[in-house]
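S.K.:
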Amino acid sequence: MRSIERCDLALIILNAEDGVTEQDQKIAGIVKDYGKGAIFLLNKWDLIEDPEKVYKDIMDKLNRKMWFGRYAPALTISGLSKKRITKVFPVIDRIISERRKRVSTGELNKFFRYVISTISLPMYKGRAVKLYYMTQVKTEPPSFVVFANYPEGVKDALLRFIERGLREYFVFEGTPLKIFIKARRKEKGT
Numbered sequence: 697m698r699s700i701e702r703c704d705l706a707l708i709i710l711n712a713e714d715g716v717t718e719q720d721q722k723i724a725g726i727v728k729d730y731g732k733g734a735i736f737l738l739n740k741w742d743l744i745e746d747p748e749k750v751y752k753d754i755m756d757k758l759n760r761k762m763w764f765g766r767y768a769p770a771l772t773i774s775g776l777s778k779k780r781i782t783k784v785f786p787v788i789d790r791i792i793s794e795r796r797k798r799v800s801t802g803e804l805n806k807f808f809r810y811v812i813s814t815i816s817l818p819m820y821k822g823r824a825v826k827l828y829y830m831t832q833v834k835t836e837p838p839s840f841v842v843f844a845n846y847p848e849g850v851k852d853a854l855l856r857f858i859e860r861g862l863r864e865y866f867v868f869e870g871t872p873l874k875i876f877i878k879a880r881r882k883e884k885g886t
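Here the sequence shown is numbered in my numbering, starting from 697 and rising by one per residue.
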C-alpha cells in the first residue's frame, strides 16, 4: 500500500496464464483510488499457446471486471526471457506526460458545451439542473471542476459520461480523472 501511495505510475503485473484474479482487481482498485497512473503488464507471455485468443480473453475480462481501469493500457511481456520489456518505457513516458497534461479553460469549455448539448440534463426537486462551465484545477491526476446550479442533482452516471468524453477528446491515457461538482457562486445583487 505504501508503495502505491508513493508512486506516480503503477505497473500492475498479471500472470497471463492465470488471467485476471481477484487480487489483481483489488490492487487495480487501490491504484485508481489513490489517483495513480497504471499499466497492466501481462507476464509469462512466452508460455501462451494461442496469444491472440488469450489476449482477447484477458482484455475482455479487464474491461468487465475492472471497468475503472479501462484507461490503462495492457502490454504483453516475459520477465524471464526479457521479451518486450523495453516496450514498456515509452508507454511510461507517455502516461507520465498525460498525467501532467493541462487543458486550457477555453478548450475545455468548447468540449464541455458540445458534450452537454448532446444529452438531456436531469431535474432536481422539480428544477432543471444546469451545468455552466468546467475548469481543470490540478494535474497528477488530472482533476476538473464542473459548476452547476444544483450539484446534488448531478448523478455519477453523468460524471462518467463527461469522463468518457474527456478521454475521447483529450485522451488522458493511463491515468484516472477526477471530476468534482460545485455550486456556481451567485453574483452580488442577484
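We put the CB at the ideal spot given by N, CA and C, even for glycine.
Here the structure is a predicted model, which means the values were calculated and not measured.
At what residues does the beta strand (DSSP E) containing N739 begin and finish?
M.R.: First-last of the beta strand (DSSP E) with N739: G733 to N739.
S.K.: Which residue wins for smallest C-alpha separation from Y829, given the options A844, K821 and M819?
M.R.: Out of A844, K821 and M819, A844 has the C-alpha closest to the C-alpha of Y829.
S.K.: Per DSSP, K779 forms a beta bridge with which residues?
M.R.: For K779, which the question treats as bridged, DSSP gives the partners S774.
S.K.: Quickly, what does DSSP pair N711 with across the bridge? List them, please.
M.R.: Bridge partners of N711: N739.
S.K.: So what does DSSP say about S800, is it helix, strand or coil?
M.R.: Here S800 sits in coil by DSSP.
S.K.: So the candidates are P847, S800 and R860; which of them puts its Cα closest to the Cα of T835?
M.R.: Comparing Cα positions, the closest option is S800.
S.K.: Under three-state DSSP, which class holds V811?
M.R.: Residue state, collapsed to three classes: helix.
S.K.: Does DSSP put K761 in a helix, a strand or coil?
M.R.: Three-state DSSP puts K761 in a helix.
S.K.: Considering only the beta carbon of each residue, do D746 and S774 sit closer than 7 Å?
M.R.: The answer is no: Cβ separation not under 7 Å.
S.K.: Please state whether DSSP places I877 in a helix, a strand or coil.
M.R.: DSSP places I877 in strand when its eight states are reduced to three.
S.K.: What did DSSP end up calling A768 once you bin it into helix, strand or coil?
M.R.: Coil, per DSSP.
S.K.: Tell me which residues share the same chain as K851 and place their Cβ nearer than 8 Å to its Cβ, disregarding the 5 neighbours each side in the sequence.
M.R.: P818, listed in sequence order.
S.K.: Quick check on Y846: does DSSP put it in helix, strand or coil?
M.R.: In the structure shown, Y846 sits in coil (DSSP, three-state: anything other than H, G, I, E or B).
S.K.: Near L758, which residues of its chain fall below 8 Å by C-beta distance, leaving aside the five closest residues on each side in sequence?
M.R.: So the list reads V716, F736, G765, R766 and A770, once near-sequence residues are dropped.
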